[in-house]
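Below: the structure, in C-alpha cells.
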C-alpha cells in the first residue's frame, strides 16, 4: 500500500497494510494473535502469549543503550467492526479495503481499523527496524479492548516488566494524554409479551439513518444525535395519539459507539396512516433544525410492511417506551477542575428485540468513581421503573494523573525539541487500558499519544496521513532519549 500511494513513513504504512489483511473483530482475534506470534518469532525475538491472548514481543537494546530503562509500547489488536448497510463485508474473513482521500486514509464503507491498527503497525515497524536507537523494548498487543477490555483485565501482573509504558491508542496528534475516565456498562432486559394486532391496522417500518455517530467517550459532548433516542422519541409521540403497536425494534450497535441508525416495525389504525406520515415529516424537520450543525445527512422514513398478526402487549410497550424515553443520554456533568473536560456521561447504545425480550445496552463513564456509580444508578432507576431486569457490570477503573511522571516530561521535551512548540497535556473522557495497568502495575509510569483519527467506531473513520510521520518521529526520539 505505501509504495503505491507513497505514504510516509513507508515502513509504518506497510505494516498497517499487513495488519488490515488480518480479520480482528473484538473477541475474535485468534487470527491476529497467530499473526503477531508468527511475526515476532520470524524476527527471532522472544515472543509470548498469555492465557488471555495478549501478545508480548521483546527486543533487546541497541548497542550502547543497554543501561536504559525498559519501555513498553502498547496497543490493542482488535477493531470496531461497523459498516454501512449497503456494503457487503465479512469482518471475520475479509481484508479492510483502504483508499486515500486528500490527506486522509479511509476504508470503503467500513471502519478503517486505525483504532488501534496504526498503533500495532508502529510497534511492528520498530520491531523489524535495524536502524533505530533504543533501550530494551517490550511490544505488547492486548486483545478485546473495544468490547470489554478483557485483554487488560485478564493480564497477570508479571506479563510486562518495563518501567515506562507508551500507549499508542490516542486520536489527536500533538496531545499527550495522562489520565482517563473509568466506566461501567448497564444492560436492561424487558419482557416482550404479545397480543393480537387488529387486521385493519397499517404496518410500517420507521428507519433513521445518516447520523454522524462516533465514539461514546470522545464525541459525547459534540451534540450529535442518538438514533435510539430519536426513534423512541417518535414512537412515544405517536403512542400518545394512536393505538400504536410495536412489532420489532433493532436500533444502535456497539456499547462504545453513538448510534447512527436504527429501525422499528410498528402498526397503527389504517385510518391514521396519513396523520402518521405527516407527523414523520414534521419530526424529521424538527430533528434537522435541532441538529442543523452536527447532523446534516439525517434521514427518517416510513415504509409500508406486510401486516403482522402479533405485537407487544400495549401496556408493557407503554412502560418500556416511556422508560427508554426517560433514560439519560449524553453529558451529565462537566469536570469541576478542567472546564472543557466531560466528567460524567451515559450512552444509550442499542435497543434490540431478541426473541421474547428487548435487550438494551448502555455505557456510563466518569473520571470520578462515585459519579460513575451514581450515573449507573440513575440509568438503572429509569429501566426498573419500566419493569426491566437490570445488570451493571464491574466496569473498569480510571487512570489517575501522576504529576511527577518522568515519561510525560520526556515526551513533552521531545515534542518541543522536534516541533518547536508545546504539546497539549490532557485528560480524556474515554477508557484507556492504562487504568487497568495502573492497578496491576502501580509503579508503571505511563503516557498515551497517537496520530489524528476522526470518525472512529463508524464507517467514517479516517486517519490524517501527515500526523503518522509526526508521531513516528516523536516516538523514535523518545526511545532514543528516554
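In my numbering, the protein residues as written are 473 to 954.
Beta carbons: idealized from backbone N, C-alpha and C, even for Gly.
Counting along the chain, residue 911 sits inside the alpha helix (DSSP H) bounded by residues 906-912.
In this structure, the beta-carbon distance from residue 929 to residue 886 does not fall below 8 Å. Three or more Cβ pairs closer than 8 Å define a contact, and the region 906-914 meets that threshold against the region 865-882. The Cβ-Cβ distance between residue 828 and residue 663 falls below 8 Å.
DSSP, read as helix, strand or coil, puts residue 823 in strand. In this structure, the CA atom of residue 666 is about 38 Å from the CA atom of residue 565. The three-state reading of DSSP puts residue 795 in helix, counting H, G and I together. Residue 584 and residue 912 have their C-alpha atoms spaced approximately 31 Å apart.
A residue is called buried when at least 16 other Cβ atoms come within 10 angstroms of its Cβ; residue 782 does not meet this threshold and is exposed. When DSSP reads this structure, residue 576 sits in a beta bridge with 573 and 936.
Non-local C-beta neighbours of residue 953 in its own chain, meaning closer than 7 Å and more than five positions away in sequence, comprise 882 and 886, ordered along the chain. With 16 or more other Cβ atoms inside 10 Å of its own Cβ, residue 654 counts as buried. In the structure shown, residue 928 adopts coil according to DSSP, grouped into three states. For the set 717, 679 and 833, the Cα lying nearest the Cα of residue 727 is the one of 833. In summary, residue 640 is buried, with 16 or more beta-carbon neighbours lying within 10 Å of its beta-carbon over all protein chains present. If the five residues before and after residue 572 are omitted, its C-beta is found closer than 8 Å to the C-beta atoms of 477, 479, 578 and 937, all from its own chain and listed in chain order.
In the three-state reduction of the DSSP assignment, residue 716 falls in the coil class, being assigned neither a helical nor a strand state. Beta-bridge annotation (DSSP): residue 763 is not paired with any residue.
Pairing residue 648 with residue 897 gives a Cβ-Cβ distance under 8 Å. Exposure of residue 670 is indicated by the presence of fewer than 16 other C-beta atoms within 10 angstroms of its C-beta. The secondary-structure analysis by DSSP pairs residue 896 across a beta bridge with 647.
Counting along the chain, residue 600 sits inside the alpha helix (DSSP H) bounded by residues 586-600.
The residue from 705, 735 and 785 with its alpha-carbon nearest to that of residue 758 is 705. Your pair residue 730 and residue 686 checks out as a contact, with CB atoms roughly 5 Å apart and the cut at 8 Å. If only uninterrupted beta strand (DSSP E) runs of at least 3 residues are considered, those enclosed by the region 831-869 are 861-864.
At a Cβ-Cβ threshold of 8 Å, residue 732 and residue 775 do not count as neighbours. One Cα belongs to residue 534, the other to residue 548, and the distance between them is close to 26 Å. Under DSSP, the beta-bridge partners assigned to residue 657 are 835. Distance check between residue 532 and each of 675, 604 and 831 places 604 closest, using alpha-carbon atoms only. In this structure, residue 807 lies near residue 839, with their beta-carbon atoms less than 8 Å apart.
Taken through DSSP and simplified to helix, strand or coil, residue 916 comes out as coil. For residue 703, the uninterrupted alpha helix (DSSP H) run begins and ends at 699-711, by DSSP.
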